[in-house]
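Asker: Before I ask anything, here is the structure I am working with.
2 protein chains.
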Amino acid sequence: MDTPDDHLARPLTIYDVARRAGVSIASVSRVLNGRNSPRPETKERVMAAVRELGFVPDGAARALSNRLKEVVGVVFRRTSEVLDDAFSDEDESLLFADVINRGVEVVARNRGFDLLMSSVDVYDHSPHGRITSIAGKSDGLILHDQVLSPVGILRIAQRTPVVTLAGTPTASSVNVRSDNGTGMRELTRHLLVDHGYPTVAYLAGHADSPDNVARAEAFETVVAEVGIEGWTGEIWRGNYMASGGAKVIKDILARSLPLPRAIVCANDQTAIGVMYTLAQHGVRVPQDVAVTGFDDIPVARHLHPQLTTVRQPIHKLGATAFDVLYSMINGDGRPEPEVVLPTSLVVRGSCGCETESVPPWEVSYR
Amino acid sequence: MDTPDDHLARPLTIYDVARRAGVSIASVSRVLNGRNSPRPETKERVMAAVRELGFVPDGAARALSNRLKEVVGVVFRRTSEVLDDAFSDEDESLLFADVINRGVEVVARNRGFDLLMSSVDVYDHSPHGRITSIAGKSDGLILHDQVLSPVGILRIAQRTPVVTLAGTPTASSVNVRSDNGTGMRELTRHLLVDHGYPTVAYLAGHADSPDNVARAEAFETVVAEVGIEGWTGEIWRGNYMASGGAKVIKDILARSLPLPRAIVCANDQTAIGVMYTLAQHGVRVPQDVAVTGFDDIPVARHLHPQLTTVRQPIHKLGATAFDVLYSMINGDGRPEPEVVLPTSLVVRGSCGCETESVPPWEVSYR
DNA sequence: ACGCGGCCGGTAAGCGCTTACCGGCACCGA
DNA sequence: TCGGTGCCGGTAAGCGCTTACCGGCCGCGT
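Taken in order, these protein sequences are the chains called W and A. Each residue of the first sequence is one higher than the one before, counting from 5 in the numbering used here. Each residue of the second sequence is one higher than the one before, counting from 5 in the numbering used here.
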């Protein structure tokens, strides 16, 4: 009978199983891996021993021998602070990265891979060490936006397969992103052409994020097409977070500056902060000011009014990142340097359209 | 000059580094691990070689040698279906598990551990294999509720440190949960005593979830204290999801059954479905029917009215699970079989109270 | 000037697996 | 009956690290 503290003892190895089953370690390994079709009787005895002992093969030894860990590292950015032992963070910040990660997880799982996750803090000045450690424990890396400098990515990609998300391809890493341009152009046209709003602002995200740059450019393009001037500049600089959007609106109202007829936010979280702050000050959305987001995170349809935004295939972004990485790990030749997934405009109430309501939980990500 | 395809070649080992630096592999290892204070000159040469080659030590080999992987496995339940290649899931279902996982990640990171994540599908009938694989790749396991049967947990906990979340302790695994009873009693009293509602129903979660059982019991206790009868039973059976809550309300309205003055939902997601469906049918919350949740997931404060609920220290639940597991891995004696974290009533608008509004994104989990 | 102690750093064993290689045995055909 | 042919399954090497052990060298004390 096993004692409850057994896990403090020397762990079991295939030698123990082999001895118990009266066979050699090779046979145990073969049975466990279904190789070389062992004789039914041998298989039986080994399985019995495994069951009786509760044997679990050591993944590290397996990986070392196989040169395959069946693990992919995922590194994402965490925008939270740890103060004393209270965690405070922007709740919505959870969603985007986590939905991507789940997309990765689902397809990884089908290939027998598991996810090794690690986050990088915004204030972390040397994420290189962490990422190196993850790299050593996995067969390949998926790096979210803003976790490592392009130089750092290049260095690490030289020796490990790397896929970046919403970043930029390098000489040896592949990038997966969604088509910011098309979605943003569609959205901006909807506001300026379909609704005919005379003034519009772009509330930016991180200045150095490729996503933000692409969205800003698409916005500018359409605004120029229509022949008006988009409001941008210092005061319209956000940070992808609700608090950033809120701050921008507060600043503008505090200085008694005028508001545009429509505000295009760099992402949904920013829009949340904007809508909330406008409501606080008695500005009605969409009657006085229309507000739009980008991403279509789940909470977007819980807002009042529901948020008009651009749907990114968040789940699929993750799934694709894994697929690409998987083929790199298998050395199926070097794939395209970049994979771009389509986006689509999602019209709900915050732009000024009348829409019928769909239960917020009935969503499907493709 | 390295070619971009270098990662297809034989990976670097400490032998390569040693040769390049003109020292032995032992020295390389010592420098890399800061052991045995090597001479500054040696250290320099090794570091230079490491830098020049872009060497990353192999985690599997390290783990095998060290008998420590610095990885903890986290297994959670995924409530999504994969149809063709479309993923559909309940968006809010993301939150609870993911917040816990982030709590785990933050503290794990401080100890140099990474998270190996894997989900179990609701329809997965033999999660044992997956979990065994995870167990082999990690130093210990954190199992969310409903991922493995108690018997399965017991088997695996015999050989690996295991911490369960919102489950039940076994002879060799520790459970971490929050104090469902106190929170639910406070909440129910608030509705029945402070508000004086004459009728109240409990909309249940999974019948076999310990959390659900504890919440139901606490509810019953207070209801009995007050001397009224709580509405429960078959028709009030949900499934922890918004769709389940919606279905219950639809059924009741379809059959023209009466509604209670207040509905206590087993969790926040259920409440979301309930509030939405009531609104659809013109039933006002809280004027006609008060609705409450449990968990305080981030989206709770984006609802209209904002949801009155019981705050679980979600983040801390994860953090604590890791701390306990860490001490088990280090063999610091067997800890308490169960750790219970406090909950607290969060009064917002959906119970009928007037509350001033706080920006939904300014949240802190403790 | 010689011996001894301490400090570095090299050699080699071993962590728990997978698998190439090979030997033994049963069964077939001649 | 005997050699050939497969099929199983055992033996042992090797995956890339860490570290116990030991030998060499330098500097000190006598």
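Using N, Cα and C, we set each Cβ at its ideal position, and we do this for glycine too.
1. Can you give me the Cβ contacts of W/Val54 inside the same chain, cut-off strictly under 7 Å, excluding the 5 residues immediately before and after it?
2. For A/Ser137, count the other beta carbons within 10 Å of its own beta carbon; 16 or more makes it buried, fewer makes it exposed. Which is it?
3. In the DSSP assignment, find the unbroken beta strand (DSSP E) run with W/Met121 in it and report its ends.
4. Using a threshold of 7 Å, is the CB atom of A/Trp365 nearer than that to any non-hydrogen atom of the ligand ZN?
5. Cα separation between W/Leu169 and W/Arg181?
6. Just verifying my parser: in three-state terms, what is the DSSP assignment at A/Gly322?
7. Mind the definition here: the stretch 250 to 262 of chain A touches the stretch 220 to 232 of chain A only if three or more C-beta pairs lie below 8 Å; say whether that holds.
8. Kindly indicate if chain W contains any beta-carbon less than 8 Å away from that of A/Gly277.
9. Please classify A/Thr281: does DSSP put it in a helix, a strand, or coil?
10. Going by DSSP, what residues sit across from W/Ala53 in a beta bridge?
11. Would W/Arg373 count as contacting chain A if we go by Cβ distances under 8 Å?
12. Check whether chain W comes within 8 Å of A/Val178, counting only Cβ atoms and requiring the distance to be less than that.
13. From W/Val230 to W/Phe298, what does the alpha carbon distance come to, in whole angstroms?
14. Compare the Cα-Cα distances from W/Pro346 to each of W/Leu263, W/Asp183, W/Glu238 and W/Met245 and report the closest residue.
15. Taking the alpha carbon of A/Met245 as the point to measure from, which residue in A/Thr359, A/Cys269, A/Arg39 and A/Ile318 has its own alpha carbon closest?
16. If we count the other Cβ atoms within 10 Å of its Cβ and call it buried at 16 or more, is W/Ala139 buried or exposed?
17. I need the straight-line Cα distance from A/Thr46 to A/Val32, nearest angstrom please.
18. For the 8 Å Cβ check, are there 3 or more pairs between the stretch 269 to 285 of chain W and the stretch 310 to 329 of chain W?
19. Using the rule of at least 16 other Cβ atoms within 10 Å of the residue's Cβ for burial, across every protein chain shown, is A/Arg159 buried or exposed?
20. Starting from A/Ile146, trace the alpha helix (DSSP H) in both directions and tell me its first and last residue.
21. Identify the continuous beta strand (DSSP E) that holds W/Arg372 and give its terminal residues.
22. Per DSSP, which one or two residues make a beta bridge with W/Asp299?
23. Using the beta-carbon of each residue, which ones in chain A are nearer than 7 Å to W/Glu360?
24. So which residues on chain A does W/Ala246 lean against when the C-beta distance must stay under 8 Å?
25. Name, in chain order, the residues that DSSP records as bridge partners for A/Thr17.
26. Given A/Asn2, which residues of its chain have a CB within under 7 Å of its CB, disregarding the five upstream and five downstream residues?
27. Report the three-state DSSP secondary structure of W/Gly200 (helix, strand or coil).
28. Mapping the DSSP letters down to three states, classify W/Gly140 as helix, strand or coil.
29. Consult DSSP for W/Phe80 and reduce its assignment to one of helix, strand or coil.
30. At a Cβ threshold of 8 Å, is A/Leu12 touching chain W?
31. If I follow the unbroken alpha helix (DSSP H) through A/Val32, where does it start and stop?
32. Can you tell me whether W/Glu48 is buried or exposed, with buried defined as 16 or more other CB within 10 angstroms of its CB?
33. Distance cutoff 8 Å, beta carbons only. Does A/Ala270 sit that close to anything in chain W?
34. Going by beta-carbon coordinates alone, are W/Lys141 and A/Gly63 separated by less than 8 Å?
35. Name the two residues that bound the continuous alpha helix (DSSP H) containing W/Asn40.
36. Taking contact to mean 3 or more Cβ pairs, one atom from each stretch, closer than 8 Å, check whether the stretch 57 to 72 of chain W and the stretch 281 to 299 of chain W are in contact.
Answerer: Checking against the coordinates, here is how it stands:
1. Val21
2. buried
3. Asp118 to Asp125
4. For the structure depicted, the ligand ZN is absent and the ligand set is empty, with no information on it obtainable.
5. 6 Å
6. helix
7. no
8. yes
9. helix
10. Paired residue(s): none; W/Ala53 is not in a bridge.
11. Only positions 5 to 370 of chain W appear in this structure, which leaves residue 373 of chain W out of reach.
12. no
13. One C-alpha to the other measures close to 21 Å.
14. W/Asp183
15. A/Cys269
16. buried
17. Taking the straight line joining both Cα atoms gives about 9 Å.
18. yes
19. It is buried - the Cβ of A/Arg159 has at least 16 other Cβ atoms within 10 Å.
20. Per DSSP, A/Ile146 lies in no alpha helix (DSSP H); the unbroken beta strand (DSSP E) holding it starts and ends at Gly144 to Leu147.
21. As shown, chain W starts at 5 and ends at 370. That puts residue 372 of chain W outside it, with no answer to give.
22. W/Arg315
23. The contact set of W/Glu360 on chain A, defined by CB atoms closer than 7 Å, is empty, because the minimum CB distance reaches about 11 Å.
24. Pro363, Pro364 and Trp365
25. DSSP lists no partner for A/Thr17.
26. Chain A is shown from 5 up to 370; residue 2 of chain A falls before or after that span and cannot be answered.
27. coil
28. helix
29. strand
30. Note that A/Leu12 scores a pLDDT of 47, beneath 50, so its modelled location is shaky; the value from the coordinates is reported in the next line. Closer than 8 Å: yes.
31. Ile29 to Asn37
32. Using a 10 angstroms sphere on the CB of W/Glu48, the tally of other CB atoms stays under 16, which defines it as exposed.
33. no
34. Their beta carbons are under 8 Å apart, which means W/Lys141 touches A/Gly63 by this criterion.
35. That residue, W/Asn40, is in no alpha helix (DSSP H); it is neither H nor E in DSSP.
36. The stretch 57 to 72 of chain W is not in contact with the stretch 281 to 299 of chain W.
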